[in-house]
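Number of protein chains: 2
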Amino acid sequence: MNEKFERTNRCGDLRLADVGKSVIVIGWVQKRRNLGSLVFIDLRDRWGIVQVVVKPEDVELPDIRNEYIIQVFGKISKKDVPNKNLATGDIEIVADKVVLINTSEQPPIVISDDTDASEDIRLKYRYLDLRRQSMVNRFLTRAKITKCAHDYFSSNDFVNVETPYLSPSTPEGARDYLVPSRLKKGSFYALPQSPQLFKQMLMVAGFDRYYQVARCFRDEDLRADRQPDFTQIDVEMSFMNEDEILAMAEGFLKKVFKEVVDFDVQLPLRHMEYDDAVNFYGSDKPDTRFGMKLVDLKDILDKTEFGAWKDSKFIKAIKIEGIAEETSRKKQDEYNLLANKFGMKFYACFKVENDTLEGSLVKFMNPEQIKNVIQAMDAKNGDVIFVGSGNDKHNVCFGVGALRSMMAKKLNLIKPNTFDLLWVVHFPLFEKSEETGEIVAVHHPFTRPCDEDLSKLRTDPFNVYAYAYDIVINGYEAGGGSLRIYDQKVQQEIFEILGLTPERIQKKFGWFVDALKFGTPPHGGLAFGLDRLTMILSGTDNIRDVIAFPKNLAGVCPVTNAPYPVDEDQLKVLGIDIIKEK
Amino acid sequence: MNEKFERTNRCGDLRLADVGKSVIVIGWVQKRRNLGSLVFIDLRDRWGIVQVVVKPEDVELPDIRNEYIIQVFGKISKKDVPNKNLATGDIEIVADKVVLINTSEQPPIVISDDTDASEDIRLKYRYLDLRRQSMVNRFLTRAKITKCAHDYFSSNDFVNVETPYLSPSTPEGARDYLVPSRLKKGSFYALPQSPQLFKQMLMVAGFDRYYQVARCFRDEDLRADRQPDFTQIDVEMSFMNEDEILAMAEGFLKKVFKEVVDFDVQLPLRHMEYDDAVNFYGSDKPDTRFGMKLVDLKDILDKTEFGAWKDSKFIKAIKIEGIAEETSRKKQDEYNLLANKFGMKFYACFKVENDTLEGSLVKFMNPEQIKNVIQAMDAKNGDVIFVGSGNDKHNVCFGVGALRSMMAKKLNLIKPNTFDLLWVVHFPLFEKSEETGEIVAVHHPFTRPCDEDLSKLRTDPFNVYAYAYDIVINGYEAGGGSLRIYDQKVQQEIFEILGLTPERIQKKFGWFVDALKFGTPPHGGLAFGLDRLTMILSGTDNIRDVIAFPKNLAGVCPVTNAPYPVDEDQLKVLGIDIIKEK
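Top line first, the protein sequences correspond to chains A and B.
Number 423 in our numbering belongs to position 366 of the first sequence; there are no gaps in the numbering.
Number 134 in our numbering belongs to position 77 of the second sequence; there are no gaps in the numbering.
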């Protein structure tokens with residue numbers, strides 16, 4: 058029989074109450090200080106760090122270096138001067154015996170929460186980076202959220218069902234990752250962008266309540282907050298209306314926030330209409346931890362002499378208190394880069410000084426208009442007012458909304474250590490495609506229009522709203538979903554409005570449309586972004602911090618270097634070839 | 058606000074205790090019998106079927122057909138004659154009101170446990186097939202096993218970590234599914250065959266205990282018991298020896314069997330050495346619910362005059378009781394097809410009659426030898442003895458073992474309604490590759506050799522055993538794993554024995570070998586096959602019965618028809634091309 062590696066305790070668990078106990082611990086050597094007559098070792102395991110004291114004159118000490126693994130037999134002793142930086146800082150282990158279990162090469166990064174290693178190096182040596190307590194904690198948080206999902210949804214009678222990863226390619230939406238088929242050469246599976254249609258089929262199958270912690274794949278260009286694959290807590294339920302579905306989802310969030318960060322979420326959550334989110338926060342995921350709501354100045358400003366305003370269909374403004382002094386011309390230019398991004402030329406900027414407005418456009422306004430603006434904005438001397446204008450509502454609102462968020466961060470206006478959860482509900486059903494100008498579904502063509510808008514489907518489609526909702530936490534979209542159409546006539550009408558001929562429907566998702574004909578229950582659901590939830594609950598803005606082995610911005614796994622070229626034989630057997638660069 | 062679909066109860070939940078209650082249920086119409094003054098409806102939901110009685114003269118009844126969805130308001134009444142076939146059979150719902158929720162086309166299969174539809178049709182209309190109670194139950198079983206895994210391993214301090222699905226391709230073992238990279242054209246990810254190396258890196262990272270319910274992918278030719286992807290309950294732990302790891306795994310199995318099928322597994326489980334499994338059961342996954350152990354007749358039969366025996370290095374036999382009369386020449390020919398599959402010419406067959414052996418080869422034996430065979434086999438008149446022989450131990454043992462299993466099934470010798478769990482331990486570390494004749498690792502090159510065999514590594518490698526183990530249930534391999542090498546010197550020696558040069562190592566898994574240098578803890582683990590466990594616990598031999606949307610033998614999803622050809626543009630953007638058939 059092979060050896061036993063006895064442990065009585067975890068390094069990070071030891072406390073004052075353990076003083077006097079004989080213990081055996083195993084861990085990695087975090088640090089070693091040799092004072093001659095005493096050697097101090099910081100010993101680390103997943104649970105934390107404990108200090109070990111060895112008297113070389115009494116105890117045989119093997120040659121140990123950083124990241125060596127040792128087993129320590131000893132007795133817990135109270136420290137004269139507690140180390141406030143360690144949870145175990147009240148005690149230390151006085152060693153009787155030290156056994157070397159494994160050696161280590163000199164690690165290329167400092168394994169400590171205040172490491173100075175670049176993210177590139179940390180990702181390359183991820184197995185060392187993950188030894189840092191701050192990283193471990195994020196994965197413990199992630200695992201706790203997942204466990205909450207399993208507990209909550211199974212106890213509410215949801216069935217955990219695994220849907221296929223080798224799926225059909227969907228010819229719209231984001232780009233699919235393809236998987237060539239060897240048995241059917243020239244054909245391809247796609248990795249699923251979500252289990253959407255499969256979970257709806259499970260409702261057709263009468264499963265009533267389904268959930269899955271599912272990996273999803275999108276071959277889009279990568280950004281700091283995006284990975285090629287991500288994980289959804291995916292749920293779907295039958296015979297429930299919008300309120301009931303949101304209440305079910307809220308119960309999960311309440312449990313997660315309580316169990317993971319001991320935060321009490323007050324239920325029911327606020328519902329904000331999509332239109333209000335856009336009009337008042339310039340966002341479909343408003344951060345309501347601070348005010349600075351958008352104010353509509355259209356009625357006031359389109360009567361001024363300034364041509365750009367007169368020609369603008371939409372004029373929105375925000376007020377920022379007490380920053381008049383520091384708002385230089387140069388800073389305004391900086392902000393205007395953001396305006397450009399949203400298709401606006403600039404943000405008009407006014408300072409409120411001496412009970413009037415200051416700024417280059419004031420000359421186009423009469424005293425009445427100036428007074429009205431100050432009043433509408435409820436502005437005081439020292440405040441600054443930014444005004445965005447243009448003919449595209451989305452661009453104007455989202456442009457001013459982006460400035461609102463930027464200023465709030467810059468000026469530290471966001472209430473710290475709190476979580477602000479709300480639903481944004483009733484998204485539009487249709488939008489104009491930016492590329493083609495055609496009418497397209499905002500979510501997918503199976504999203505159910507609001508009953509009261511059904512009569513407008515053909516006459517005024519862009520004013521039709523859907524039973525579609527997002528859960529927004531601290532300005533992040535942490536999940537979303539919708540009710541689905543179960544009425545065949547409505548479904549047919551939507552297809553016609555989207556210009557989908559029977560042939561195209563059959564080709565795209567005929568198998569799914571067929572399924573809906575056999576007694577489809579009213580159903581709906583949503584998906585929570587597990588990565589996003591973990592980021593919010595573990596306080597990081599970097600999605601790579603919550604994925605054990607993430608890809609870098611080039612889509613490469615820095616540990617393994619995947620993807621890489623494969624043998625030609627491997628491709629031949631799949632019936633594919635690499636296109637040679639000319 | 059959209060409509061509410063009120064339910065007070067589930068169809069399948071109603072019992073005698075509910076008599077007199079007013080209820081609202083929703084379900085699918087399973088069956089409808091119109092007796093004129095009374096209409097009987099069998100109404101079905103995920104929880105079961107309940108009978109509804111409608112008096113058309115009192116209650117307005119919409120036109121309803123099979124698989125229509127209706128909501129029924131009514132009162133529970135005791136049935137005069139209980140229906141023993143239904144769990145709800147003591148009662149019926151006398152309807153006050155029936156509301157039609159959705160219609161259905163005529164379903165192409167009979168939705169009932171005794172459906173006569175072919176598997177092809179059932180798979181094509183999987184969303185209808187899954188409405189059958191026997192199918193639903195399998196997915197409830199599967200979900201329960203998964204939930205047990207999450208509960209058991211989290212409560213034992215295992216961290217659930219998700220490892221990458223876009224992985225490096227591993228140049229040996231089964232064939233990988235490849236995923237072309239768009240950002241790095243000409244390069245490919247592979248879908249992981251298992252999270253093996255990533256979970257070991259998590260041990261290097263100090264996670265101490267890891268688990269994951271992980272999808273795994275192998276592009277092998279499909280068989281009835283094989284799917285392109287399958288699910289593992291994957292675990293790994295540090296600082297534990299073989300006994301401790303097996304005990305940890307047993308705790309999980311005990312919980313699963315108790316919670317899912319209320320079966321008490323007696324712990325600790327039996328350990329059977331791999332060599333004993335092969336010698337006595339002719340299998341590395343012996344079914345020990347019945348006897349018929351293999352007997353070694355080499356010492357007796359190689360002294361006979363029969364050339365094939367004299368030339369055979371291995372001779373193994375089984376005895377089957379009381380089948381002499383029915384063992385015709387024709388039947389023997391049938392069995393010999395099985396012998397051929399294992400590289401043997403035939404099974405020699407003797408009937409025991411009149412206290413001696415009967416059979417064509419008896420003429421080569423003297424009375425002493427005949428007597429010895431009867432004695433060694435402990436045979437009685439009416440028994441039949443089958444003898445396999447040859448020079449390849451594996452072929453002879455597994456060939457006779459396969460006959461043993463076949464005869465046991467044929468003759469119904471297997472104790473029903475029981476579960477027989479055991480560990481097969483200490484698999485060989487190396488084997489000869491069937492294709493190349495080279496020495497290869499039985500599991501993978503990181504499997505740890507038994508301490509007592511270390512000295513034989515170079516001198517007698519095929520007699521080196523590993524700390525490798527499989528969990529065997531009712532003759533199925535339900536999981537397996539091993540301890541991993543953590544000693545760099547041993548690892549180096551294994552690489553050398555396998556003929557891996559430093560260059561090849563670097564190319565194949567250099568990143569992993571590098572990781573092992575930085576303080577690797579002693580570690581090991583295993584993976585349970587979730588599909589297999591579900592099959593065992595829900596009593597099916599067909600893996601497609603436990604996968605919601607399985608592939609057929611051509612690797613095609615019968616519902617969606619995936620994989621299929623994609624637009625040329627989609628391939629171009631990935632830098633690949635389809636090789637045209639000549």
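C-beta atoms are modelled at their ideal positions from N, C-alpha and C, and glycine is treated no differently.
If you check the beta carbons only, do residue i and residue j fall under 8 Å apart?
| i | j | result |
| --- | --- | --- |
| A374/B | V457/B | yes |
| E362/A | F314/A | no |
| K78/A | V116/A | no |
| A584/B | G532/B | no |
| P485/B | F296/B | no |
| F245/B | P237/B | yes |
| Y331/A | V292/A | no |
Return the CA-CA distance between residue i and residue j, expressed in angstroms with no decimal places.
| i | j | result |
| --- | --- | --- |
| P615/B | V570/A | 15 Å |
| E389/A | C406/A | The question names Glu, but residue 389/A in the sequence shown is Gln. Distance between the alpha carbons of Q389/A and C406/A: 8 Å. |
| Q87/A | K135/A | 21 Å |
| T227/B | P249/B | 9 Å |
| M58/A | R64/B | Since pLDDT at M58/A reaches only 49, below the 50 mark, its modelled position is unreliable, and no value is offered. |
| L540/A | E509/A | 15 Å |
| Y526/B | A465/B | 25 Å |
| Y182/A | Q627/A | 29 Å |
| A204/A | G586/B | What sits at residue 204/A in the sequence shown is Lys, not Ala. Taking the straight line joining both Cα atoms gives about 21 Å. |
| V318/A | K565/B | 42 Å |
| D186/A | W568/B | 15 Å |
| Q323/A | Q163/A | 50 Å |
| Q432/B | D449/B | 26 Å |
| Y209/B | I83/A | 24 Å |
| E576/B | M260/B | One point to set straight first is that residue 576/B is Gly, not Glu, in the sequence displayed. Rounded to the nearest angstrom, the two C-alpha atoms are 10 Å apart. |
| K242/A | Y234/B | 13 Å |
| I635/A | E625/B | 14 Å |
| Q284/A | F309/B | 34 Å |
Looking at C-alpha atoms only, which residue of the options is the closest neighbour of residue i?
| i | options | result |
| --- | --- | --- |
| L157/B | I106/B, R232/B and F62/B | F62/B |
| Y348/A | V292/A, M434/A, L395/A and V547/A | Checking the sequence shown, residue 348/A turns out to be Gly, not Tyr. Here the closest residue by C-alpha is M434/A. |
| T145/A | W104/A, D120/A, E162/A and V129/A | W104/A |
| V430/A | F320/A, L351/A and E383/A | L351/A |
| V110/A | R122/A, V129/A and Y125/A | V129/A |
| T516/A | E492/A, D544/A and E550/A | E550/A |
| M329/B | F371/B, A605/B, F606/B and W480/B | W480/B |
| N397/B | G556/B, L303/B and G447/B | G447/B |
| G556/A | N91/A, V497/A and I377/A | V497/A |
| M102/A | R188/A, E149/A and V630/A | Correcting the residue type first, residue 102/A is Asp in the shown sequence and not Met. Among R188/A, E149/A and V630/A, the Cα nearest to that of D102/A belongs to R188/A. |
| D412/B | I633/B, E425/B and D276/B | E425/B |
| V409/A | C273/A, E301/A, G379/A and P473/A | G379/A |
| D99/A | R505/A, R386/A, E124/A and N217/A | E124/A |
| F403/A | S369/A, D286/A, E383/A and E382/A | S369/A |
Does the ligand PLP have even one heavy atom less than 7 Å from the beta-carbon of residue i?
| i | result |
| --- | --- |
| V444/A | In the structure on display, the ligand PLP does not appear, and there are no ligands present to speak of. |
For the segment 216-235 of chain A, which residues have a beta carbon sitting closer than 7 Å to at least one beta carbon of chain B?
Correct list: V216, N217, V218, E219, T220, P221, Y222, L223, S224, P225, S226, Y234 and L235.
If you scan the segment 343-368 of chain B from start to end, which runs of the alpha helix (DSSP H) of 4 or more residues do you find wholly inside it?
The segment 343-368 of chain B contains these whole alpha helix (DSSP H) runs: 355-358 and 364-367.
Any C-beta of chain B within less than 9 Å: which residues of the segment 581-592 of chain A qualify?
Listed by position, the residues of the segment 581-592 of chain A near chain B (Cβ gap below 9 Å) are L587.
Please list the residues of the segment 145-172 of chain A that have a C-beta atom closer than 8 Å to any C-beta atom in chain B, keeping them in chain order.
Taking 8 Å as the cut-off between beta carbons, the residues of the segment 145-172 of chain A near chain B are I158, N159, T160, S161, E162 and P164, in sequence order.
Using a Cβ-Cβ cut-off of less than 7 Å, list which residues of the segment 506-526 of chain A approach chain B; keep chain order.
Residues are counted here when their Cβ sits less than 7 Å from a Cβ of chain B; for the segment 506-526 of chain A these are D508 and Y524, given in chain order.
Residues in the segment 278-299 of chain A having any Cβ partner in chain B nearer than 9 Å
Closer than 9 Å at the C-beta level to chain B, one finds these residues of the segment 278-299 of chain A: D278, L279, P285, D286, T288, S295, F296, M297, N298 and E299.
Interfacial residues, the segment 61-91 of chain B to chain A, with Cβ spacing under 7 Å
Among the residues of the segment 61-91 of chain B, those with a Cβ less than 7 Å away from any Cβ of chain A are K61, F62, R64, I83 and W85, in the order of the chain.
Contacting positions in the segment 363-392 of chain A - beta carbon closer than 9 Å to chain B:
Listed by position, the residues of the segment 363-392 of chain A near chain B (Cβ gap below 9 Å) amount to none.
Taking a Cβ distance cut-off of 9 Å, strictly less, list which residues of the segment 183-217 of chain A are near chain B, in chain order.
If the cut-off is 9 Å between Cβ atoms, the segment 183-217 of chain A has R183, Y184, L185, D186, L187, R188, M192, V193, F196, L197, R199, A200, K201, T203, K204, H207, D208, S211, D214, F215, V216 and N217 near chain B.
Which runs of the beta strand (DSSP E) spanning at least 3 residues fall entirely within the segment 466-515 of chain B, listed in chain order?
Listed in chain order, the complete beta strand (DSSP E) runs (minimum 3 residues) inside the segment 466-515 of chain B are 478-482, 487-489 and 496-498.
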